[in-house]
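Participant:
2 protein chains.
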Amino acid sequence: MRNVYVIGIGAGDPEQLTLQAVRVLADLDVVLVIDKGEAKRELTDLRHELCATHITKPYRVLTAADPDRDRTATDQVGYTGAVGDWYDARAEVIGALLRDEVSAGESVGILVWGDPALYDSTLRVLDRVEQRGTVEFGYQVIPGITSLQTLAARHKVTFTGVGAPVHVTTGRRLAAGMPAELDDVLVMLDGSETFAALDDPDLDIYWGAYLGMPGELLVAGNLQERKAEIVALRAQARARHGWIMDSYLLRRRRP
Amino acid sequence: MRNVYVIGIGAGDPEQLTLQAVRVLADLDVVLVIDKGEAKRELTDLRHELCATHITKPYRVLTAADPDRDRTATDQVGYTGAVGDWYDARAEVIGALLRDEVSAGESVGILVWGDPALYDSTLRVLDRVEQRGTVEFGYQVIPGITSLQTLAARHKVTFTGVGAPVHVTTGRRLAAGMPAELDDVLVMLDGSETFAALDDPDLDIYWGAYLGMPGELLVAGNLQERKAEIVALRAQARARHGWIMDSYLLRRRRP
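Here the protein sequences come in this chain order: U and V.
Last residue of the first sequence: 270 in this note's numbering, with the numbers rising by one and none dropped.
Last residue of the second sequence: 270 in this note's numbering, with the numbers rising by one and none dropped.
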């Protein structure tokens, strides 16, 4: 059996690795990397640094070219279908690498920013590799600190009011508006600055970008008062880094 | 200044500590413990073990008796009010301990199971201590792995469908039913086994208890087929341990 470990490595701060992640990293034979191109070179470098620091024996790096993804879909059904096709293409690439480049008994790490359970495709892709049945392997999941947890820690806020729910969603979904029955919503993957289109006067925003990394940015306050500042910061930061990853909590002021 | 660290210590597995938590623990002068009585002695022992393992110098343990909480409220308003009073009482006790028992420059750790942002009162209590202004201190938050992340890792599932939202809520809130517009709901603090009252035939449940601990229990499958088994397991486990902490993901089967 090939042993695959899907390892949550935290939001960007190397100190967010858990002792479990450190132990598993130490013993890897292979690191499997899905190449996302030059844009996020900082993230790639950071990942290589984690490997160099914690893997205690010689290891191989296998790089899978990320298959092209159809980004033309405009509705949710088209989007989900395009993403499904892309998962299949990834499963094909990763299954072939595991079969042809990894020997039985070897340990393979797939390093995931944040936590593998939150808006990451690795588990869905491995599930498809398993269903294809073209390579024998087992896998385990190591949880990691997400950017949302880092966001809350930096702003010293909780996700929820007392005994209240919290909703975790994407910018794409938030475009329909802040759900009326919810007071606390965590938003990821909002490349379109959906927050800036919301006009509720009673919303506070706790925003953060590059959380846990050297260029970390934080803004908190009333959404209407702060949104222009966040939009400007995003534009500057994206120009400087070439990419941006941010997230935020929207919180309705309670009476 | 007294330096207070609110440290997320993971769901129960000592290996879920982050390197940041280990570094901060190593340098503590004081561990502040809120005594929750005998029932959860296993958890108290585990916390002492973490301290003994990672704190590298002599340290003091300050124990705050947990103030009584009015548990008679039957609606959300009464519940929130009772919890608010209890936070005030906790803030009084903790403020006095920090003022009288900790010297300026000392480091104080408050160890929180899971993550301080998720259904934990420590940040709200410290906010109240700060507002009272009776003691000078600063505080930082160290994120930790939650039981929900451990649950997802053990079951090898993601929290969400592709680009979909996830709702995190309590058993108390779920009593109103599985929200019709949601496919993925994570539930904590469900002492009343609310899941067992849901009759939707198309829900799957991924359930776990004592996650990350030696007595870990996991069940997954169709809710209607598995709920009796989970109710029975909960009763047995609670009788054996004297307490239970569990959580689950409810997932609607997609067409």
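Ideal placement from N, C-alpha and C gives every residue a C-beta, glycine not left out.
By Cβ distance, which residues of its chain are closer than 6 Å to Leu264(U), with the 5 residues on each side in sequence left out?
Facilitator: Leaving aside the five residues that flank Leu264(U) on each side, the residues in its chain whose CB is nearer than 6 Å to its CB run, in chain order, Leu201, Tyr221.
Participant: For Ser118(U), which three-state DSSP category applies?
Facilitator: coil
Participant: Can the beta-carbon of Val98(U) be found less than 8 Å from the beta-carbon of Val177(V)?
Facilitator: yes
Participant: Taking Cβ positions only, does Lys171(V) come closer than 8 Å to chain U?
Facilitator: yes
Participant: At 3 residues or longer, and completely inside the stretch 195-232 of chain U: list those beta strand (DSSP E) runs for me, N to C.
Facilitator: 199-203, 218-224
Participant: Kindly indicate which three-state DSSP category Asp50(U) falls into: helix, strand or coil?
Facilitator: strand
Participant: At what residues does the beta strand (DSSP E) containing Leu265(U) begin and finish?
Facilitator: 261-267
Participant: What residues of chain V sit near Tyr94(U), judged by a beta carbon separation below 8 Å?
Facilitator: Correct list: Val177, Gly178.
Participant: Alpha carbon to alpha carbon, how far is Glu30(V) from Thr161(V)? Give it in angstroms, no decimals.
Facilitator: 13 Å
Participant: Any beta-carbon of chain U closer than 8 Å to the one on Val181(V)?
Facilitator: Closer than 8 Å to some Cβ of chain U, the Cβ of Val181(V) qualifies, so yes.
Participant: Comparing alpha-carbon positions, which option in Val92(U), Leu197(U), Val108(U) lies nearest Thr273(U)?
Facilitator: There is simply no residue 273(U) to check, as chain U begins at 16 and stops at 270 in what is shown.
Participant: Is it a yes or a no for the stretch 26-44 of chain V touching the stretch 57-71 of chain V, going by three-plus beta-carbon pairs under 8 Å?
Facilitator: yes
Participant: Any C-beta of chain V sitting closer than 8 Å to the C-beta of Asp130(U)?
Facilitator: yes
Participant: With C-beta atoms as the reference, is Asp199(U) less than 8 Å away from Thr175(U)?
Facilitator: yes
Participant: Please classify Pro131(V) as buried or exposed, where buried requires at least 16 neighbouring CB atoms within 10 angstroms.
Facilitator: It counts as buried.
Participant: What residue range is occupied by the uninterrupted beta strand (DSSP E) comprising Ala79(V)?
Facilitator: 75-80
Participant: For the stretch 133-150 of chain V and the stretch 109-121 of chain V, state whether three or more C-beta atom pairs, one from each stretch, are separated by less than 8 Å.
Facilitator: yes
Participant: Which one of Ala119(V), Tyr154(V), Leu133(V) has the shortest CA to CA distance from Asp142(V)?
Facilitator: Tyr154(V)
Participant: Can you have a look at Asn339(U) and say buried or exposed, based on whether 16 or more other CB atoms are within 10 angstroms of its CB?
Facilitator: Any question about residue 339(U) goes unanswered here, given that chain U covers just 16 to 270.
Participant: Could you check what DSSP says for Tyr134(V) in three-state terms: helix, strand or coil?
Facilitator: coil
Participant: Between the stretch 42-51 of chain V and the stretch 119-128 of chain V, do at least 3 Cβ pairs fall closer than 8 Å?
Facilitator: yes
Participant: Lys242(V) to Met193(V), Cα distance in whole Å?
Facilitator: 15 Å
Participant: Which ranges does the alpha helix (DSSP H) cover as unbroken runs of at least 4 residues, wholly within the stretch 125-192 of chain V, from first to last along the chain?
Facilitator: 137-147, 162-170, 186-189
Participant: Need the endpoints of the alpha helix (DSSP H) that Ile245(U) sits in, please.
Facilitator: 238-256
Participant: Candidates Leu40(U), Arg86(U), Arg56(U): which alpha carbon is nearest Tyr74(U)'s?
Facilitator: If we check each option's Cα against that of Tyr74(U), Leu40(U) comes out closest.
Participant: Return the Cβ separation of Asp50(V) and Ala80(V) in integer angstroms, given the expectation that the two are a contact with Cβ distance under 8 Å.
Facilitator: 6 Å
Participant: For chain V, check one thing: does any of its Cβ atoms lie closer than 8 Å to the Cβ of Arg266(U)?
Facilitator: For Arg266(U), no CB of chain V lies under 8 Å from its own CB, so it is not counted at the interface with that chain.
Participant: Work out the CA separation of Met228(U) and Ala211(U) for me, nearest whole Å.
Facilitator: 24 Å
Participant: Mind listing the chain U neighbours of Phe174(V)? Cutoff is C-beta to C-beta under 9 Å, in chain order.
Facilitator: Correct list: Asp130, Ala132, Leu133, Tyr134, Val183.
Participant: By a C-beta neighbour count over all protein chains shown, 10 Å radius and 16 as the cutoff for buried, is Met203(U) buried or exposed?
Facilitator: buried
Participant: Anything in chain V within Cβ reach of Gln31(U), meaning under 8 Å, just list it in chain order.
Facilitator: Thr33, Leu34, Gln35, Pro158
Participant: In chain order, what residues of the same chain have a beta carbon less than 7 Å from the beta carbon of Thr209(U), not counting five sequence neighbours either side?
Facilitator: Gly186, Leu189, Ala190
Participant: I want to verify the contact list: residues of chain V whose CB lies under 7 Å from the CB of Gln164(U), in sequence order.
Facilitator: Asp130, Ala132, Pro158
Participant: Exposed or buried, which one is Pro158(V) when buried takes at least 16 other CB atoms within 10 Å?
Facilitator: buried
Participant: Express the C-alpha separation of Ala195(V) and Thr165(U) in angstroms, rounding to a whole number.
Facilitator: 31 Å
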